[in-house]
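Please read the structure below before turning to the comments.
Right under this line is the structure:
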């Protein structure tokens, strides 16, 4: 289409014109505007840069002042909390304090420390000498600090909005200023025994602030008097050379001085914006920015940061002339280059348009053939690479689709994909066959019904979480259905992208008729063999009891003990058989629940009384905390009492001699809750999810010694759930266990 255009049309609508004309106009506009901006605003730009540097320097100084204060507070906390310091301060033992505290103070780079007794007298003091080795540090004692308001504030045990610590500025006899942070020293069992102070010498701190902020720093007191500065005749800011000539230093102090009127103006302005001032100091032009010198919500005066300004005029002239020449040359160059670029771009772009059109129509074998090294060439190479990869990806997708269909069709379970509207958009061969069979079964063999899978799927639910209580109340992971003589399980999962976009739902169907028949056969076998065993066992037990009662002195003690062992073992075996029968009835759904209204407190008390002697004989402390008011429930008294005694039996078996078992009952959210708390061996976290499974027993030495088949807790759980209740356990290995059951309360009838 481009080749059929007339030269006039190509000139009017071609991309070359669209590039050259705006490019030309933009170049002319930028040249004029740039010249104007350079000549008009270069001075303001330099001043603004200087102001920003001053503001940044002031911010750095403010932040570093706070950091110095935090370092002093940290040092103060450590030396005040050091074990033994409070007692040594109370005893006034300066030497012991020195030996205990001084190594830490030196390592913390503190400039001075003071320990003061409750009457304000100095017990021990230490101060560095700036520029001198630590061996020449000053040590002193006996000074009176009681006249210092901030020290007495701490000694009097007062506090303000900032806490029980204060900051004050002190001037030494050598003329140095020290910034002290004061805090109380406490002795356990006695209370405050004095105060500790950590100090920073102002001048070394000003030097460090100058190096960090790359600007000269000056401190003023509350009257505008200069108390320290790093300004000097040397304007090389990174090198802080304080003049040693006192006359030169006096001149600097005098020229930096703020009279009271100006100080008040600056102080008031500093709370809202950064005051800027220009000063001539030692024939050097400086620009100063002032800030409020404030710590712990207390103002100590002002600080200023200063930068030399002599370079401004030089930079202005040099930058203006150089940049104007450079800008004009660059403008002409850019204009010429623009024409050539437009011509270079047009040709490869036409090739790109042609190739892109072919690819868009489905011809993935088309390539641009451009081999230049510029951006257009890189774009063409990328486009060709993209087209090649698109072709490969298209082929891979076809192969993957084929492989996925093959894999899905080889799966024996039925897999169905539904869209958001619930329509089937894909189903493997097994699913199609299963759906076809289900349709036939539904019409010919019987009704469709959903099975209660609470018992069958219990193990799968418990494996889904490490929290036993959550596992017992979580919904089933899959559902089970019966159509005629066939049993199916289905599970569903939402299909979402990584961005959370919902694509549909995957349903997996599985025919488990054979597994269910096998399970039912096993349950029937357990039921049958349990009933068959109970009959001869009953005879053995009856004759054992008869022999024990009719011995009449004809048997010796050893023979009588044999008969007792037989009776005890038959009783245990009878309990195991009864448990097997109970579990068979539960599995078959034939277990009958005879509900009646009764008091849960009385039921628990009755069950607990049956176990009191056993706990006492085992030397286990047994406690009960039962409410005075009745807790009415609707329940099968025999079954529920058996479940309660199962929890008591579990606590009895796994609580060693000397332990303790506590039974509590209380109401909770329309439920009555029983808790059996023991101090026994506990249950490992790995065993807890399986604790209520049938035939499961935790693997430890006590379980090997304690007889049982692992059905008590399973049956107890089944009984509680048949009463629409909940059962749970919380335990930690070696720390004991808490078993709880919750039964719904019923309104009291009048």
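Numbering (the numbering used here), first residue to last: 3 to 752.
From the three backbone atoms N, C-alpha and C, an ideal C-beta is built for every residue, glycine too.
{"query": "Secondary structure of residue 719, DSSP reduced to three states", "result": "helix"}
{"query": "Secondary structure of residue 369, DSSP reduced to three states", "result": "coil"}
{"query": "Burial state of residue 146 (16 or more Cβ within 10 Å)", "result": "exposed"}
{"query": "Same chain, Cβ closer than 8 Å to residue 499, neighbours up to 5 away in sequence not counted", "result": "505"}
{"query": "Stretch-stretch touch, CB-based, cutoff 8 Å, three pairs: the region 161–169 with the region 84–94", "result": "no"}
{"query": "contact_flag[the region 227–235, the region 140–156] where n(CB pairs < 8 Å) is 3 or more", "result": "no"}
{"query": "Close-in-space but distant-in-sequence residues of the same chain around residue 187 (CB under 8 Å, 5 per side omitted)", "result": "82, 87, 88, 91, 117, 194, 195, 196, 197 and 198"}
{"query": "Own chain, CB closer than 6 Å to residue 718, minus 5 neighbours either side, in chain order", "result": "645 and 648"}
{"query": "The region 120–130 contacting the region 247–265, beta-carbon criterion three pairs below 8 Å", "result": "no"}
{"query": "Inter-residue Cα distance where the pair is residue 253 and residue 307", "result": "18 Å"}
{"query": "Contact set for residue 627: own chain, Cβ-Cβ below 6 Å, skip 5 residues either direction", "result": "666"}
{"query": "Strand pairing of residue 504, partner residues [DSSP]", "result": "498"}
{"query": "Cβ of residue 100 within 8 Å of any chain B Cβ", "result": "As a matter of chain content, chain B is missing from the structure shown, which is built from one protein chain."}
{"query": "Burial state of residue 409 (16 or more Cβ within 10 Å)", "result": "exposed"}
{"query": "Reduced DSSP secondary structure (H/G/I, E/B, other) of residue 413", "result": "coil"}
{"query": "Where the alpha helix (DSSP H) through residue 602 begins and ends", "result": "602–619"}
{"query": "Buried versus exposed call for residue 668 [16 or more other C-beta atoms within 10 Å across all chains shown]", "result": "exposed"}
{"query": "Option in 359, 349, 393 and 394 with minimal Cα separation from residue 379", "result": "349"}
{"query": "Other residues of its chain near residue 679: CB distance less than 6 Å, five sequence neighbours each side excluded", "result": "664 and 740"}
{"query": "Residue 241, buried or exposed, once every other Cβ within 10 Å from all chains shown has been counted against 16", "result": "Note that residue 241 scores a pLDDT of 45, beneath 50, so its modelled location is shaky; the value from the coordinates is reported in the next line. When all chains shown are included, residue 241 counts as exposed."}
{"query": "Straight-line Cα distance separating residue 746 from residue 726", "result": "7 Å"}
{"query": "Rounded separation between residue 511 and residue 430 - CA only", "result": "11 Å"}
{"query": "Under 8 Å between C-beta atoms of residue 721 and residue 642", "result": "yes"}
{"query": "Nearest to residue 358 (by Cα), restricted to the options 384, 339 and 612", "result": "384"}
{"query": "Span of the beta strand (DSSP E), counted from its first residue to its last, around residue 292", "result": "286–297"}
{"query": "Residue 156 versus residue 107: straight-line alpha-carbon distance, rounded", "result": "21 Å"}
{"query": "Contacting residues, own chain, Cβ-Cβ under 7 Å from residue 300 (five flanking each side not counted)", "result": "169"}
{"query": "Runs of alpha helix (DSSP H) wholly within the region 92–172 (minimum 4 residues, chain order)", "result": "96–109 and 151–157"}
{"query": "Contacts around residue 414, its chain only, beta-carbon distance under 7 Å, and the 5 residues preceding and following it disregarded", "result": "432"}
{"query": "Spatial distance of residue 731 from residue 562 (CA atoms)", "result": "42 Å"}
{"query": "Limits of the unbroken alpha helix (DSSP H) element including residue 646", "result": "639–655"}
{"query": "For residue 672 and residue 631, the rounded distance between their alpha carbons", "result": "15 Å"}
{"query": "Collapsed DSSP secondary structure at residue 421 in the structure displayed", "result": "coil"}
{"query": "Supposed contact pair residue 418 and residue 509 - C-beta distance, whole angstroms, cut 8 Å", "result": "4 Å"}
{"query": "Residue 305 vs residue 182 beta-carbon contact at 8 Å", "result": "no"}
{"query": "Rounded C-alpha distance that separates residue 559 from residue 566", "result": "10 Å"}
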